[in-house]
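Data block below; observations after.
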Amino acid sequence: MNNTARILWTSDNKETALNMVCLYAHNAKKLGWIENVQVLIWGASQTLIANDNELQEKVKQMAKDGVEIIACQKCAENLGIVDELKSCDMQIYYTGELLSSWVKEGSSIISV
Numbered sequence: 273m274n275n276t277a278r279i280l281w282t283s284d285n286k287e288t289a290l291n292m293v294c295l296y297a298h299n300a301k302k303l304g305w306i307e308n309v310q311v312l313i314w315g316a317s318q319t320l321i322a323n324d325n326e327l328q329e330k331v332k333q334m335a336k337d338g339v340e341i342i343a344c345q346k347c348a349e350n351l352g353i354v355d356e357l358k359s360c361d362m363q364i365y366y367t368g369e370l371l372s373s374w375v376k377e378g379s380s381i382i383s384v
């Protein structure tokens, strides 16, 4: 049985971020619904986080509680927000190969 939730977060909609991505990912990990929770942050969602203190705090708490938060470095460089994302306790690296590996594995990916 697969015990990993993989979320690809690209939306810049704050309500979706708070009431789906953060709510589900955080609770799935904290409450033990899923052993491993990974959130891959790409594009517009990165700008949303970089410019929103509430989301920055949510992301930091999720990371502290064991959710693996990963941001695409190329997107962050393109958007000029690498430092803002680093301050949120997330991993930042080039993630094209990571996403490709998820696809090749046949992983279920929640895309928001």
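With the numbering used here applied, the sequence shown corresponds to residues 273 to 384, in that order.
Every residue, glycine too, gets a C-beta built ideally from N, C-alpha and C.
What would DSSP say about residue i, mapped onto helix, strand or coil?
i	result
L303	coil
Y365	strand
V293	helix
N308	strand
I321	helix
W374	helix
C360	coil
Residues in the same chain with beta-carbon distance under 8 Å from residue i, minus the five sequence neighbours each way, listed in chain order, please.
i	result
N274	S379 and S380
V331	C294, I321, I341, C360, D361 and M362
Between the C-alpha atoms of residue i and residue j, what's the straight-line distance to the nearest angstrom?
i	j	result
N299	I313	18 Å
I394	G338	Coverage of the chain is limited to positions 273 through 384, which leaves residue 394 absent and any answer about it impossible.
N308	E377	16 Å
Using a Cβ-Cβ cutoff of less than 7 Å, which residues in the same chain neighbour residue i once the five nearest sequence positions on both sides are dropped?
i	result
C347	W314, G315 and Q318
For the alpha helix (DSSP H) containing residue i, name the first residue and the last one.
i	result
N274	Element bounds for N274: n/a, residue is neither H nor E.
For my contact list, residue i and residue j are in at a C-beta cut-off of 8 Å; report their separation, rounded to the angstrom.
i	j	result
I364	L371	Not quite, the Cβ-Cβ distance comes to about 15 Å (not below 8 Å), so this is no contact.
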